[in-house]
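A quick write-up on the structure given underneath.
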Amino acid sequence: GTFEEAGELESPRPSALEFHLLKLLLLHDELIPQAALHLDLNWILHPLVRQIVQQRLSAQKNETWKTLAAFLDECDSVEMRNLVTEAVAEERKIPNPEIQLADVVLKLRNQFLDRQIASLTQKAGQPQISDAEKIDLLRDQQKLREQKRAPLIAK
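So this is what it looks like as structure tokens:
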């Protein structure tokens with residue numbers, strides 16, 4: 016988001032990818048089991064998106080999901096309700112939602128792994144790091160790169 020958009024005191028916008036995940040999970044109940052199986056909530060950066068997705072997956076798991084309207088009533092904050100409302104407001108049909116969900120989850124995972132790899136690279140570049148620690152960090156980096164090349168697996 017730009018500074019103009021952030022004029023009001025609210026959290027920054029979720030990424031387009033995370034917003035699309037919200038749309039998929041709020042508009043397509045049939046995708047919830049697949050999401051519950053493959054999506055790690057740690058992959059979601061935006062705190063409100065993470066909270067909404069977590070509540071949606073929990074509602075399914077605990078068999079407390081009724082309707083979107085009931086879900087909206089259970090939202091903790093105005094920001095949360097606004098984000099849910101915005102995600103479901105667009106009437107355009109989403110083609111191939113199962114394929115789109117798999118793509119979004121894979122991209123979120125890969126972005127998460129990229130952040131971890133970047134963090135290890137930064138640590139390895141610090142002068143006070145011993146050679147042994149550098150080797151460990153590089154080994155960890157390699158494992159993350161291998162995970163990134165692997166297909167999505169159930170948690």
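Positions in the sequence shown are counted from 1; adding 15 to them yields our numbering.
Glycine included, each C-beta is placed from N, C-alpha and C at the ideal position.
CB-CB under 7 Å to residue i, same chain, minus the five flanking residues each way: which ones, in chain order?
{"i": "Ala169", "result": "Leu52 and His53"}
{"i": "Asn57", "result": "Phe127"}
{"i": "Pro112", "result": "Leu39, His43 and Leu46"}
{"i": "Leu152", "result": "Leu135, Lys138 and Ala139"}
{"i": "Leu116", "result": "Leu39, Leu46, Gln49 and Ala50"}
{"i": "Ala133", "result": "none"}
{"i": "Ala102", "result": "Phe34, Leu37, Lys38 and Leu41"}
{"i": "Pro142", "result": "none"}
For the alpha helix (DSSP H) containing residue i, list its first residue and its last residue.
{"i": "Gln126", "result": "Pro112 to Ala139"}
{"i": "Glu161", "result": "Asp146 to Arg164"}
So for residue i, helix, strand or coil by DSSP?
{"i": "His35", "result": "helix"}
{"i": "Ala169", "result": "coil"}
{"i": "Glu106", "result": "coil"}
{"i": "Pro29", "result": "coil"}
Taking C-alpha atoms, which residue in the options lies nearest to residue i?
{"i": "Arg124", "options": "Ala104, Glu106 and Leu159", "result": "Leu159"}
{"i": "Gln49", "options": "Pro27, Val120, Ala104 and Cys90", "result": "Val120"}
{"i": "Leu60", "options": "Arg71, Glu78, Phe34 and Ala74", "result": "Phe34"}
{"i": "Leu63", "options": "Arg28, Glu89, Leu83 and Gln141", "result": "Arg28"}
{"i": "Asn97", "options": "Arg107, Lys108, Ala84 and Ile109", "result": "Ala84"}
{"i": "Asp129", "options": "Arg164, Asp91 and Val68", "result": "Arg164"}
{"i": "Gln131", "options": "Val68, Glu161 and Leu87", "result": "Glu161"}
Going along the chain, which residues of its own chain have a beta-carbon closer than 6 Å to the beta-carbon of residue i, five neighbours each way excluded?
{"i": "Trp80", "result": "Ala74"}
{"i": "Leu72", "result": "Ala51"}
Here's a check: name, in chain order, each residue in its chain whose Cβ is nearer than 8 Å to the Cβ of residue i, leaving out the five neighbours to either side.
{"i": "Asp155", "result": "Leu135"}
{"i": "Asp55", "result": "Arg124, Phe127 and Lys170"}
{"i": "Leu167", "result": "His53, Ala117, Val120, Leu121 and Arg124"}
Just checking: is the beta-carbon of residue i within a distance shorter than 8 Å of some beta-carbon in chain C?
{"i": "Leu153", "result": "Note that chain C does not occur in the displayed structure, where there is just one protein chain."}
Residue ranges of each beta strand (DSSP E) within the stretch 45-98, 3 or longer: none
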